[in-house]
C-alpha cells in the first residue's frame, strides 16, 4: 500500500515463519484465507543457512505481500552468527517496506534489527483483537463477516480444553527436521490411529522434542494428553485419569475399566487427539494404552521394538554442530560461538550435557570457559573425587563431577537436597511430599530449609539453574499462588548422582526418602479419594529402598500400595510388587511375620486373579503349611490362608478339598469371632456356598446362600453390594435347580438394584445381567435374552479381553443362545474358540474345558455331523465323570446329550440304556421335578423329542 488506505484483502500473502511458530502461521493463514486472500506458508530455518540477502529477497520474488512471523528465534539477531541476519534485515527492509509486514509472537523485547520491522504484537490478547491487528498490519479492511470464529482454527494462545502437556521449554532450539518428519508422518495417516516412536539414546532430548511437538501443533488437536510411561502402573493410572477430563466413567473401580472407557471414547469421537507416551520402553506392558480412532500417538523410547506394534520409527540423534552452538549460546549468553563450538565438541553434541554444562557456565560467570572445556577433555574423574565408571564417557563424568563439587562447596544444603531427591524416581521427583513431611522425617538442615518458604524456593531455583532439572509448578494449598510440585531429573544424571554417593550418604538418603513416603501414606487404600496418592507413591518404592526396608511402617506402606493395586484391578503390577516384597522380606523375617504373611496372601490373590492358578496353589499351600506348623501363628492369619487357598482350589476344580477348607475355616471363624453372622464369617460361608454348588449339591448351596442373604440384609441393608451379590447367587442357584419363575423374579429386582447402586458397567452388574439373560432364556424370552447377553459379552470383551474368565463364562452361554436362535455357524465358531481357550488356560481335563467342548457336540449334531457329534459327546461324558464324578449334574447332562447322539446315530438300545442310567442319577441328585429328569423321560418315551443339556460355567 502506498498511501495507507485499506483494501478488502491483498491477492496473496507469503507467510514466513520459523518452525517454532507453526501454530501461529497456520492461524494467520486461516484468518487471511477467510478474508479472501491467497496464502503460502514458508518455513524458514536460519540455523542451517548462511546469512544472505537472497534468502529474504527470494520471498519478495513472488506475488503480493510478505509477512514475517517473529518469535523467540529473532531474539538472537544482535549477536554472533545470528547477528549477521540482523544486518540482512537492515539491508532488505527499507527498499521493500511497502511489501514487508511483521507480527511478533514473542513476549520478550526484540533486538533492534528485528524491531526495525515495526512488528505488531499478537501475544497476550484475545483472538478478535489479534485478528484486528493482523488485518491492520496488512492494510485489510476488517468487516463483521470477515471470519467465522466458531469455524476457524483455534487461537494459538488458547490451548485445547483437554491438555496436560508440560510447560514449553523457552530455550528449545533446532530439531526442525525431526519435528517436520513427525508432523509429516502423522499427516500421512488415512483417518486411522497413527503411531510414531521417537527413539534414540539417553540424553538426546526425546522428551523435549515431544513436548515441543505438542505445543507447536496444539492447534491441530482438541485433546492432548501426556503420560509418563517409564513405570507401568503409573502409565496406566495417568492414562485412566483422562476419563475424568473426557467426562466418561467405567462404573467400575478398576483402572482397566477406565482405560477401556477412555479408549472407546477416543475411538468414536470426532475430536482430534494426541496421546504422548513418554519413556515407554516395553511395548508388551504398554500396548494396551494405544487407542484406536482418528488420532495420533507419539512414543518416546530407547527401543525400536515398537515397530512390531505398528509404530513408524523416527530416530533422534545428538545435535548437529550448528544446533549445539545455537543452543549453548542461547543457554549461556556469555558464550561466544567459538566457545560453544569447543564445548559441543567436548560433550559430543549431547543435548543433556550441553544444557547442564552451559547452565553451569551461566551460573559461574567467573569461571574460564576455555579452562572448563579443557577439564572436560583431559580431566581425570579421580581428580574430582569420582570413581571412574564404564557406564559414561570420562568427559561426561568430569563435567558432572564439577557440577556436584560446585554445589557442595557453594550451596551444601542444595547438594544434600539433590542427594535426597536421587532416592526418588527421576521421572517425577515429588517435591511436594518433602514440604508435607514431618520435620523429624528429614535431616535437620533440610527440615529447616523446607520450613522457610523463601529459602526453600531459593534452593529449588538454585538446583534447577545448576543442573537444568525442570521445575513443574502447581497451585499451592490455598490455590492462590503457584508452587513447585515436582522436579524432573534425567535418568542419566540421576544414576550418576546415586553412583557418586558414599555408602553412608546412600543409607541416610534412603532412610529419609522412606520416611517421607511413609508420611505421605494415607493409610486407607480402599478409599477412592486416596488412589491418586498411592499411584504417586508406587514409582518411588524401589529407588527409595522401601522394598528392602525392615521398618514396620515402611512395610505397611508397601502393603497398602499392593492393596491399592488389587482394589484398582492392576493384578499384574500387584503380583510383581507382592513378589518383590515376599522375596526380600523372607531374608530377615520369620514365617509368621505379619507383613510377610499379608504379602504372601496378596501374591497368591494376584496370581489367582491373573488366572495363574497352579502358581497360586503352590504359594497358598506353602504359606498354610508354614502357618499350621508354627505354634505362634495368629489364628486370623490361618483363616485367611485357608480362605485364599480354598478360592484357588475352586478355580482348579478341586471342589471337595475347597469345601473342606471353607467348612473348617467357617467353623473356626465362628468360634473365634463368637458368631457365624459377622462380616468375616459371612464372607467365608459365602465361599463355602459357592464350593458346595460346584460340587453339584444345589439344594444345600441354596439353603446356605439364603441364610447369608438374610444375615446380610439385617447387617448391611438390602442395597449393600455384598447383599446384592448374595441375592445374585441365590437366584443363580434357583435357576440351576430348575425353579425358573422364582429365579427370574429375584433376578429382575436384583438387576435393577445393581444398576442403581453400582452402575451399569460395574463387574458385578454385568454378572447380574448375565444371570438375568439366562433366566429370560429359560423363561422363553429368547430375543430379550439374546440382546442382553450380547451386550454383556461385548462390554466384557472390551474391558477384560476375550481370554478373561468372566468373558469365557459369558461366551460359553452366548454360544448356546446363538445355537438356540438358529445361528449355527456363529454358535459353532464361538463354542469352539471358547473351548480352546479353556483348554489352554485350565487344561483338557478341567470341567470347564470339558463342558465347553460338550457344547460343541450339540452344534455338530445340529449341522448333521452325527458321527462327530457322538464322538465328542462320548469323550466329554467320560472326561466329565473323571473330573466331577458320575453323580454330578454336569456328568448327568453330558450323559443326556450322549444318549440323544446315540439315538440320532441309530443305536437306540444303547441310547435307552444310557438314558435310564442318567434318569436314575438325575432323580437322586436333582429330584423328579428338575428339567434334566424330565428330559431323560422324554428320551425314553418320545422318539421324536430332541432334548439337550448345555454346560454353563459357574462364577467362582
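Residue numbers (this note's numbering): 559 to 1514.
Where is the CB? At the ideal position from N, CA and C, for every residue including glycine.
For residue i: DSSP bridge partner residues
i            : result
residue 835  : 785 and 857
residue 757  : 859 and 873
residue 679  : 662
residue 1031 : 1042
residue 987  : 1045
residue 1421 : Beta-bridge pairing links residue 1421 to no other residue.
residue 721  : 782
residue 596  : 570
Among the options, the one whose alpha carbon lies nearest that of residue i
i            : options                   : result
residue 730  : 695, 770 and 757          : 770
residue 882  : 1065, 904 and 866         : 904
residue 1263 : 1244, 916 and 614         : 1244
residue 967  : 982, 942 and 984          : 942
residue 1340 : 1377, 1419, 1311 and 1415 : 1377
residue 956  : 741, 1280 and 1051        : 1051
residue 1165 : 781, 1403, 1148 and 1136  : 1136
residue 884  : 779, 1197, 912 and 872    : 912
residue 774  : 940, 687 and 582          : 582
residue 1396 : 1387, 1408, 1090 and 743  : 1408
residue 1111 : 1152, 1085 and 1125       : 1152
residue 899  : 598, 1476, 927 and 1279   : 927
residue 1318 : 670, 880 and 806          : 806
residue 1402 : 1385, 1418, 1434 and 1384 : 1434
residue 1149 : 1328, 611, 1183 and 1174  : 1183
residue 723  : 772, 1419 and 713         : 772
For residue i, the three-state DSSP class (helix, strand or coil)
i            : result
residue 572  : strand
residue 1507 : coil
residue 625  : strand
residue 705  : Note that residue 705 scores a pLDDT of 44, beneath 50, so its modelled location is shaky; the value from the coordinates is reported in the next line. In this structure, residue 705 counts as coil in the three-state DSSP scheme.
residue 1266 : helix
residue 918  : helix
residue 1179 : helix
residue 1459 : helix
residue 601  : strand
residue 698  : strand
residue 752  : strand
residue 1307 : helix
residue 977  : helix
residue 950  : coil
residue 1367 : helix
residue 1403 : coil
residue 775  : coil
Short Cβ contact (7 Å threshold) for residue i with residue j
i            : j            : result
residue 1077 : residue 995  : yes
residue 1449 : residue 1442 : yes
residue 1393 : residue 1447 : no
residue 1356 : residue 818  : yes
residue 1437 : residue 1459 : no
residue 820  : residue 800  : yes
residue 1074 : residue 980  : no
residue 1499 : residue 1296 : no
residue 752  : residue 854  : yes
residue 579  : residue 627  : yes
residue 1420 : residue 1382 : yes
Check: residue i C-beta below 6 Å from any heavy atom of the ligand PLP
i           : result
residue 878 : In the structure on display, the ligand PLP does not appear, and there are no ligands present to speak of.
**Study point:** Three or more C-beta pairs below 8 Å linking the segment 1253 to 1272 and the segment 1282 to 1295
**Key:** yes
Review point. Counting pairs of beta carbons, one from the segment 1157 to 1175 and one from the segment 1119 to 1130, are three or more of them closer than 8 Å?
Key: yes
Review point. Between the segment 1065 to 1073 and the segment 943 to 961, do three or more beta carbon pairs fall short of 8 Å?
Key: no
Check your understanding: Would the segment 875 to 894 and the segment 913 to 924 be scored as touching if the rule is three or more Cβ pairs under 8 Å?
Key -> yes
Check your understanding: When the Cβ atoms of the segment 1321 to 1340 are set against those of the segment 1357 to 1374, are three or more pairs found closer than 8 Å?
Key -> yes
Exercise for review: Kindly confirm or deny that the segment 848 to 865 and the segment 760 to 779 touch, where touching means at least three C-beta pairs closer than 8 Å.
Suggested key: yes
Review point. Is it true that the segment 613 to 621 meets the segment 584 to 593, where meeting means three or more beta-carbon pairs spaced less than 8 Å apart?
Key: no
Exercise for review: Take every Cβ of the segment 740 to 747, pair it with every Cβ of the segment 718 to 730, and state whether three or more of those distances are shorter than 8 Å.
Suggested key: no
Practice item. Would you be able to state if there are at least three C-beta pairs under 8 Å between the segment 1079 to 1094 and the segment 1056 to 1064? Key: no
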